[in-house]
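When we follow this note's numbering, the leftmost residue of the sequence shown carries the number 390, and every step to the right adds one.
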Amino acid sequence: MATLLENDGLRLQKALTPKRSQDALLNIYFRRIHPVLPILDETMVRNQYKAGTQPICLVQAICLVASKDPAAASFLCLGHHAEPLGLERFSSVLYNDVLQSIPRRSERKILTIQVLALLSLHEWGTTGSEDCSLNLAQAIHHAQTLGLHLMRPDQHPMKSPKALFWCLWSLDRWNAAMHGRPLMIHDGDRGQGVDDVVSSFPSTFRVWLKIADKLGETIHHYRPMTKDTDQGDLELPSFDELVEQCEAWDMGTDQLVSLDFVYHSVVILSTHSKGLQGRLQSRMSNIRQEHSILTLASLGCNQDISDYFPLPMIGYTVSIAFSVTYKQLRTTRSPSVRHISLSKLRHFHRCLQKISTTWWSAAVMARLGKRVLNSFQPTIDQERSTDHEIDITRSNSQPELRHTSQNSLELSTNTQYYSNFEVGEASGETEPVSESAHHLNNTHLGSINHSDSNDTTAGPFGSSELEDFDLFFDNFPDLNFPSYSNDQFLSNLDIEDFELVTDRF
């Protein structure tokens with residue numbers, strides 16, 4: 390028993406941030422994340438922290454989430470290491486330690502819910518998508534056990550449990566979108582609606598909840614249609630209208646811009662006709678989609694992407710914009726639109742690169758984006774040398790993309806689904822993960838390798854490779870299919886940019 394306690398103490402010492410770092414990361418968390426997601430009661434946490442009674446696992450979870458902010462870089466210290474660690478190493482040690490120390494006693498379920506909700510915001514590694522969903526599912530399970538979904542204002546004097554439930558509710562919507570999962574909290578199971586509670590929260594959280602509400606409406610339109618049911622275009626308000634409805638113009642500029650940014654991913658999803666169960670894309674939907682893409686490009690130019698709030702929805706929004714822009718590039722026959730699309734594609738790729746050390750999905754999408762741009766470059770060079778426009782549209786391009794076969798469904802829609810590669814050791818070597826149960830047949834998925842790009846019969850872009858890209862980006866915005874970590878798509882990507890953390894404390 391003594392040995393076990395000594396080992397636990399040693400492990401904790403190595404996975405605990407120094408007091409100076411804790412102070413800084415706590416402030417970063419409450420300044421940057423808490424206004425958007427009030428998972429915790431700030432007054433209670435600060436009082437307990439000052440008194441030294443704050444549960445260590447919660448302090449670690451707070452530090453883990455705050456570490457994603459660029460301002461935290463100089464405070465990522467652990468144990469006896471005086472020098473800051475890399476984000477991957479710091480977050481990996483904290484995440485694994487918190488998983489081991491989550492309270493299991495029933496009387497501490499609120500703490501358990503809070504810690505699991507915070508852990509669901511950490512996304513790294515080939516199992517990152519699944520881990521996020523699992524942590525959130527457990528948090529929601531415990532919340533439903535306590536009946537938080539039935540809570541009414543007159544049933545509890547504290548606002549914190551109510552805010553905690555609505556944080557879970559909003560994260561459930563984003564989890565369904567980003568990871569292709571079913572919703573876990575259904576509207577009919579709640580004791581209150583969004584409109585019943587939104588006015589009781591601070592302005593930033595009010596807007597966040599309304600965005601999640603609109604995302605939920607969009608997700609509903611992706612589900613299979615009931616027979617003889619005709620659902621038209623989603624009527625989403627502009628972001629200005631949303632803020633006006635919430636009377637939230639008093640929030641900080643950084644929060645306002647970040648929320649504006651992620652809201653456009655909801656707008657784009659609402660216009661993705663292929664995912665909307667065969668619904669035709671109207672002219673107005675096309676206009677709204679293009680407006681959102683241009684707005685995201687403009688916002689990304691006016692402010693560094695890493696300055697937005699450090700949540701995974703930012704990377705997801707850029708990935709959505711990249712995939713839709715790729716589709717525009719491959720379907721347009723207008724040279725001017727094509728050049729504009731290519732410029733936007735490069736811009737979104739740069740944004741993904743900037744946050745690729747923070748979010749695994751962004752890192753994988755950035756790597757894929759580099760492969761796409763490299764595929765386009767020979768044709769661009771040929772255009773410049775010959776001063777002749779070369780058509781890069783798909784064969785038989787049509788406004789509506791081709792139907793998705795059962796085999797192509799296995800490509801899924803999310804970056805986690807095509808991240809079936811293990812990050813190499815320091816040497817940069819990669820090995821594909823073991824074969825998935827959903828094995829992809831090369832008849833339907835061309836092998837992504839250098840020999841394809843050298844195929845003289847493949848056309849100026851290497852048509853086999855681009856067809857794979859077409860299929861992936863067509864499916865990426867579709868919310869109906871779950872993400873998987875074991876998939877053969879792009880398993881041959883050279884990812885020397887990544888390194889596994891092999892050092893141990």
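Every residue, glycine too, gets a C-beta built ideally from N, C-alpha and C.
With a Cβ-Cβ cutoff of 8 angstroms, do residue i and residue j count as a contact?
i, j, result
"A751", "G704", "yes"
"N485", "L525", "no"
"A601", "L658", "no"
"S681", "H661", "no"
"L685", "F650", "yes"
"R727", "D859", "no"
"L741", "A755", "yes"
"A552", "L483", "no"
"I608", "R562", "yes"
"A517", "F870", "Checking the sequence, you will find Gly at residue 517 rather than Ala. No, they are not a contact pair."
"P724", "P591", "no"
"C521", "I491", "no"
"K743", "D863", "no"
"E519", "W748", "no"
Out of the options, state which residue places its alpha-carbon closest to the alpha-carbon of residue i.
i, options, result
"W555", "G569, G514, A461, L429", "L429"
"L523", "T746, A506, L537", "A506"
"F711", "S725, Y697, L731", "L731"
"T746", "A462, D629, N416, N436", "A462"
"G605", "V646, L572, L631", "L572"
"V707", "L683, P767, I729, R722", "L683"
"R421", "D643, W748, T721, V656", "D643"
"F861", "V713, K743, S490", "V713"
"N691", "H736, V656, G536, V655", "H736"
"R497", "W513, L510, H469, A528", "A528"
"L760", "W749, E519, S674, H738", "Leu is not the amino acid found at residue 760; the sequence shown has Arg there. The shortest C-alpha separation from R760 is found at H738."
"V655", "M640, R672, H610, G641", "H610"
"D412", "N436, P427, H575", "N436"
"F419", "S410, K408, E431", "E431"
"C635", "T593, S480, A440", "T593"
"S647", "S687, S674, P613, R612", "S687"
"E630", "P613, K603, T442", "K603"
"S480", "L868, S509, R722", "S509"
"D857", "M640, P767, G758", "G758"
"I729", "E679, V753, P767", "E679"
"L625", "A440, S674, P767", "S674"
"L557", "L426, Q766, S410, R722", "L426"
"G468", "Y438, V487, S410, D584", "S410"
"I574", "S589, D584, G536", "G536"
"K408", "D639, S589, Y438", "Y438"
"L868", "V487, R612, T721", "R612"
Under 8 angstroms by Cβ, that's how I've got residue i and residue j pegged, so tell me the actual separation to the nearest angstrom.
i, j, result
"G580", "H538", "7 angstroms"
"I499", "P550", "7 angstroms"
"P866", "I709", "6 angstroms"
"T406", "C466", "6 angstroms"
"W597", "S559", "6 angstroms"
"V586", "K599", "Not really, about 11 angstroms apart at Cβ, beyond 8 angstroms."
"F464", "L415", "About 10 angstroms; that fails the 8 angstroms criterion."
"A637", "R595", "5 angstroms"
"A460", "I417", "6 angstroms"
"S764", "L645", "38 angstroms between Cβ atoms; not a contact."
Given 8 angstroms, three or more beta-carbon pairs between the segment 528-536 and the segment 464-484: no
Residue ranges of each alpha helix (DSSP H) within the segment 431-511, 4 or longer: 431-440, 445-455, 476-490, 498-508
contact_flag[the segment 497-506, the segment 437-452] where n(CB pairs < 8 angstroms) is 3 or more: yes
Segments assigned alpha helix (DSSP H), at least 4 residues, entirely inside the segment 582-611: 583-586, 592-611
Stretch-stretch touch, CB-based, cutoff 8 angstroms, three pairs: the segment 693-701 with the segment 452-468: yes
Segments assigned alpha helix (DSSP H), at least 4 residues, entirely inside the segment 513-568: 517-534, 549-568
4-residue-minimum alpha helix (DSSP H) runs that sit fully inside the segment 659-732, ordered along the chain: 672-691, 701-720
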